[in-house]
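Asks: Let me begin by handing over the structure; questions about it come next.
Residue numbers (my numbering), protein chains in the order written: chain Z, 1 to 566; chain G, 1001 to 1566.
Written out as structure tokens, the structure reads:
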């Protein structure tokens, strides 16, 4: 079989304007970036009814072997397109961190891809860079203001600048800097050293996918909403303990100006020419893990079926889809697709890389509890669920048969074997049929908790019903954070859990479907712009690092400017 | 008169494909980014003869009042276009640092602008972000390699990774990180703190305009040249004192991949529809200060006259144009335009903001030495020079008359009053006529020095003949650097001086045309990828800071997504 980049490059692309035309969009609704990308105006479909059905693709708990969730999302989209349905995929833009760090590309794979894959993986239309830029402008502005106020004193500062002093408390700046790379050395740094660069202070860089501004972009309904959310961003506290926002610093307008084009989703296409809206890129372990509300909204008004995905397992991106994104958008899932592989379940039974491709029904049975847990998890939101078994060449009929039977016995609405990777649209046709059948069924969506019930109550609900924990425990720091967030008016915001994606619990080593554990919350952070409170379950890194043999080693360009090694 | 953004917004734009068509480019030569921007393929005009004449716009020594060099460059382009000539401007992309820091926009001004000005000032087609991203990938890769090799030891590192250990000396890493903002707090930082993030070390961020990678992009002739230059980038030394390049680290290919689209110039238009190629953005005080060779090359093959500019005074960008850029491109200037204002000359006589608009012939006479110096400086390169007096409403006829006479008496080939700001093309018609006349004259270009004569010799030549110094003095550090650079094979590279732009000397306080000073070189740095050696004249900041009332304070968007406050 050809490599992903070879398949991508041999695809005959449809001019992107034609893809837009199929969605009923006219040239004044979008701006082309070459023939392969188009920025869609956020109000392009505003006067059309929101009639599409929403399919959210999720997965079992991730393993090192890769479950193929994006392959399945794109394959399903391709299959529905091939069957003649008006379908649109809504996906996140890949961060360069993982692109150069691990995977070397994230655009699906095999014959289920968004193309051209190298454009999707590098810059696309620059939105992630815009988020970094706007985010870091606020950080530079904050440190500069601190510098000038300390240098001159409040009174003299006001006399010379005409601005009221903010009296920023250098020890209580909560706004980090960001970078779209895996840069371990920037996790914990000390800035402002040298002469006249101060004051010195400890701070850090997060990866851009974890920026609150990324969440703002993803959760905004329109420009006015985005501008207001940016104004509410909490950057620091003053020496009297009062919050300082981006609006207070006078930087919110400039940040919005930087994001003026990034608020528009980018239209691309799948290998067989189905439309795909790429927009925003929050990770699902350290952020809310779903693509934008604006892209979904456009897709729901221009298509009959919209396929999107939440990051990682259903305890991560899908939970946040239901409890954060749906609350902000009003768009609940009509159906969920839950992706699983035989390898993933064996891995949850403790089988390692060397044995993972061997037939092993016993291990499959043991690891099945993980899939069972995720089926039940999706069902508790009142959403019908189709399990997609992402097929690999080594899968045996006996294993597949056993798994299909068990899935149906566990309450899933349907099960299908997907060969989207090897066969593209054709390989996902059975899955598409099951999804179509599911979409005719009634749906009784209910989120896991009501934000109005308060943070402490909802933390408990999320821990126990969202992850199967026996309870939740707040560190002294988390308790102090909670008191402060309540004082700042954040008591009734939804929760965004930062936790490992490698277990349903907070502990990456607990495979399968752990129970009895206590979820430890180390700290809480108010994100008044995004409109949620982040809870950190244990020690969660918000800046990844590069491994021993990072993805960038393989990448290069040839003399024609084509990328090789993806 | 309307504001710049109002003028920009009321301009009726020509679809960018039509601008390209006027240059003789077909749709397969470019990719449109909406209707206002187009990325031009680097070989778009490769099979056409290089027949254009090259006009380089430079200026007297900058003052706080602004001399209007870009206004004049664009006004001249507009005037030549209006007169029916095939003309193209080649300009740098504005850095967001100054955009949010000081000026609030850099796209010309008044009725001489590149439009839409807000697109030019924010992101454009993302090239500067791409440079930041590629630059910082190398930095992250370097720290990660250091981390893993130290954590495991060389032998175990090789065993686990299959890579030879680089044995990076943590004290001798010469590759900084970059950010396209004025961020004082990042000038001097300490990274790698915390657990398992190390080793800890001191380092810094530069502004992206100072990145060697920006110079690489600007000086590359084609993709293969760029890829080779990236491979040569010196990142660090190993513990045995041997250099470690981007090629050694295995990151050069990925960096080139990130810059794959950034190597293409972006086509825009002036207010009256003349083509303008925007490409790269090195500052002229801390970098080589000129737009790209690739853009010039395309323009020289598609136009009869190409107007470009070197940053700051003729001792800065113009010197670097002649001694660095021309050497790499083979394209020498056919004519120079030297921009001056009455205010600038009065400022060089010590007149301050309160008095600067008053008629003051005595001050004008006193400050005239600065202009005189720059006329002689341009002439010593064998380039004909037209002095453009950028007109302001308060200028008196008596002053203008006196200045014009003196300019001609000082050896300039011609002089013209430019009203490009207030009147656009029409206001620069006289200037255009003088430039056209000049282009018919023979030109005897000679650079100031031959790189083959060696760094020490050329530092002396540059100090004495390039700036009028009595000599040059190297600090002990600079002498050590020199020895090392010679050992590394950089002895015969051109020099790129990092010095203040506010004086012909190294001392910003020395106005007019200082003499008798000794130019102090504090350190030297080999830029093997860019192909020059940077010499630092005194303490030069490579990361600006935000001032008391930064440009971002005025910026915002309205509900239609339009930017206000530029």
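Note that CB positions come from ideal geometry on N, CA and C, so glycine has one too.
Predicted model only: the values in this text are computed from it and were never measured.
Using 10 angstroms around the beta-carbon of residue 196 of chain Z, count the other beta-carbons present and answer buried if the total reaches 16, otherwise exposed.
Replies: Residue 196 of chain Z should be labelled exposed.
Asks: Around the Cβ of residue 1391 of chain G, are there at least 16 other Cβ atoms within 10 angstroms (buried) or fewer (exposed)?
Replies: With 16 or more other Cβ atoms within 10 Å, it is buried.
Asks: Among G/1428, G/1314, G/1414, which one has its Cα closest to the Cα of residue 1420 of chain G?
Replies: Answer by Cα proximity: G/1428.
Asks: Please report the Cβ distance between residue 1416 of chain G and residue 1369 of chain G, rounded to the nearest whole angstrom; I am assuming they are in contact, meaning their Cβ atoms lie under 8 Å.
Replies: Actually they are not in contact, since the Cβ atoms of residue 1416 of chain G and residue 1369 of chain G sit about 21 Å apart, beyond 8 Å.
Asks: Would you grab the beta carbon distance between residue 189 of chain Z and residue 1407 of chain G for me? Rounded to a whole angstrom, and I think it's under 8 Å.
Replies: Going by Cβ atoms, the distance from residue 189 of chain Z to residue 1407 of chain G rounds to 52 Å, so no, they are not a contact pair.
Asks: Cβ of residue 1047 of chain G less than 9 Å from any chain Z Cβ?
Replies: No, residue 1047 of chain G does not count as interfacial toward chain Z.
Asks: If you scan the segment 1121-1207 of chain G from start to end, which runs of the beta strand (DSSP E) of 3 or more residues do you find wholly inside it?
Replies: With a minimum length of 3 residues, the continuous beta strand (DSSP E) runs that stay inside the segment 1121-1207 of chain G are 1168-1173, 1177-1179, 1189-1191, 1201-1203, 1205-1207.
Asks: Count the other CB atoms, across all protein chains shown, that sit within 10 Å of the CB of residue 1240 of chain G; report buried if there are 16 or more and exposed otherwise.
Replies: Residue 1240 of chain G is exposed by the Cβ-count criterion.
Asks: Do the segment 1374-1389 of chain G and the segment 1397-1414 of chain G touch if we need at least three Cβ pairs shorter than 8 Å?
Replies: In short, these stretches touch, since the Cβ pair count reaches three.
Asks: Would you list, in sequence order, the uninterrupted beta strand (DSSP E) runs of no fewer than 3 residues that lie entirely inside the segment 1311-1377 of chain G?
Replies: Those beta strand (DSSP E) runs which fall completely within the segment 1311-1377 of chain G and span 3+ residues are 1335-1340.
Asks: Could you check the C-alpha separation between residue 149 of chain Z and residue 1344 of chain G for me, to the nearest Å?
Replies: Cα to Cα, the separation comes out at about 32 Å.
Asks: How far does the beta strand (DSSP E) with residue 527 of chain Z in it extend, from its first residue to its last?
Replies: Residue 527 of chain Z -> beta strand (DSSP E) spans 518-527.
Asks: Taking contact to mean at least 3 C-beta pairs separated by less than 8 Å, is the segment 1250-1262 of chain G in contact with the segment 1135-1148 of chain G?
Replies: A contact exists between the segment 1250-1262 of chain G and the segment 1135-1148 of chain G.
Asks: Using a cut-off of 8 Å between C-beta atoms, extract the partners of residue 993 of chain G located in chain Z.
Replies: With chain G covering only 1001 through 1566, there is no way to say anything about residue 993 of chain G.
Asks: For the segment 1503-1515 of chain G and the segment 1204-1211 of chain G, state whether three or more C-beta atom pairs, one from each stretch, are separated by less than 8 Å.
Replies: Cβ pair count under 8 Å is below three, so no.
Asks: Give every residue of the same chain whose Cβ lies closer than 8 Å to the Cβ of residue 293 of chain Z, excluding the five residues on either side of it in the sequence, and list them in chain order.
Replies: So the list reads 218, 219, 220, 221, 325, 328, 329, 331, once near-sequence residues are dropped.
Asks: Per DSSP, which one or two residues make a beta bridge with residue 556 of chain Z?
Replies: Answer by DSSP bridge pairing, in chain order: Z/564.
Asks: Alpha carbon to alpha carbon, how far is residue 1439 of chain G from residue 1090 of chain G?
Replies: Spanning the two alpha carbons is a distance of roughly 18 Å.
Asks: Do the CB positions of residue 314 of chain Z and residue 277 of chain Z come within less than 9 Å of each other?
Replies: Contact: no.
Asks: Starting from residue 1113 of chain G, follow its DSSP beta bridges and name the residues at the other end.
Replies: According to DSSP, residue 1113 of chain G bridges with G/1108.
Asks: Whose C-beta lies closer than 8 Å to the C-beta of residue 232 of chain Z among residues of the same chain, with five residues either side of it excluded?
Replies: Only 245, 246, 247, 528, 529 meet the Cβ criterion.
Asks: If you draw a straight line from the C-alpha of residue 1333 of chain G to the C-alpha of residue 1395 of chain G, how long is it?
Replies: The straight-line gap from Cα to Cα measures roughly 31 Å.
Asks: Can you check whether the CB of residue 299 of chain Z is closer than 9 Å to the CB of residue 644 of chain Z?
Replies: Residue numbering for chain Z in the displayed model covers 1 to 566; residue 644 of chain Z lies beyond these limits and cannot be assessed.
Asks: Determine the chain G residues that contact residue 160 of chain Z at a beta-carbon separation under 8 Å, and present them in chain order.
Replies: Per Cβ cutoff of 8 Å: 1548.
Asks: Identify the residues that DSSP records as bridge partners of residue 1030 of chain G: which are they?
Replies: Per DSSP, G/1040.
Asks: Under 8 Å between beta-carbons, which chain A residues line up against residue 1180 of chain G? List them in chain order, please.
Replies: This model lacks chain A altogether; the protein chains it does include are Z and G.
Asks: Consider the Cβ of residue 1033 of chain G: report whether some Cβ of chain Z lies at a distance smaller than 9 Å.
Replies: So, interface residue.
Asks: Using a Cβ cut-off of 9 Å, pull out every chain G residue sitting near residue 167 of chain Z, in sequence order please.
Replies: Per Cβ cutoff of 9 Å: no residues; residue 167 of chain Z is ~16 Å from chain G at best.
Asks: Is residue 545 of chain Z close to chain G? Criterion is C-beta to C-beta, closer than 9 Å.
Replies: For residue 545 of chain Z, the answer is yes, since a Cβ of chain G falls inside 9 Å of its Cβ.
Asks: Between the C-alpha atoms of residue 1209 of chain G and residue 375 of chain Z, what's the straight-line distance to the nearest angstrom?
Replies: The alpha-carbon atoms of residue 1209 of chain G and residue 375 of chain Z are separated by roughly 52 Å.
Asks: So does the segment 1510-1519 of chain G actually touch the segment 1064-1081 of chain G, counting three or more Cβ pairs closer than 8 Å?
Replies: No: fewer than three Cβ pairs fall under 8 Å.
Asks: At a CB distance below 7 Å, what residues from the segment 1095-1126 of chain G approach chain Z? Give them in sequence order.
Replies: Within the segment 1095-1126 of chain G, the qualifying residues are 1096, 1100, 1122, 1123, 1126.
Asks: Starting from the beta carbon of residue 188 of chain Z, find every residue of chain G whose beta carbon is closer than 7 Å, and list them in chain order.
Replies: In chain order: 1193, 1194, 1197.
Asks: Would you report the Cα separation of residue 1215 of chain G and residue 478 of chain Z, rounded to the nearest angstrom?
Replies: Those two C-alpha atoms are separated by around 48 Å.
Asks: What is the DSSP secondary structure of residue 471 of chain Z, counted as helix, strand or coil?
Replies: Residue 471 of chain Z: strand per DSSP, three-state reduction.
Asks: Report the partner residues of residue 1275 of chain G according to the DSSP bridge assignment.
Replies: DSSP lists G/1269 as partners of residue 1275 of chain G.
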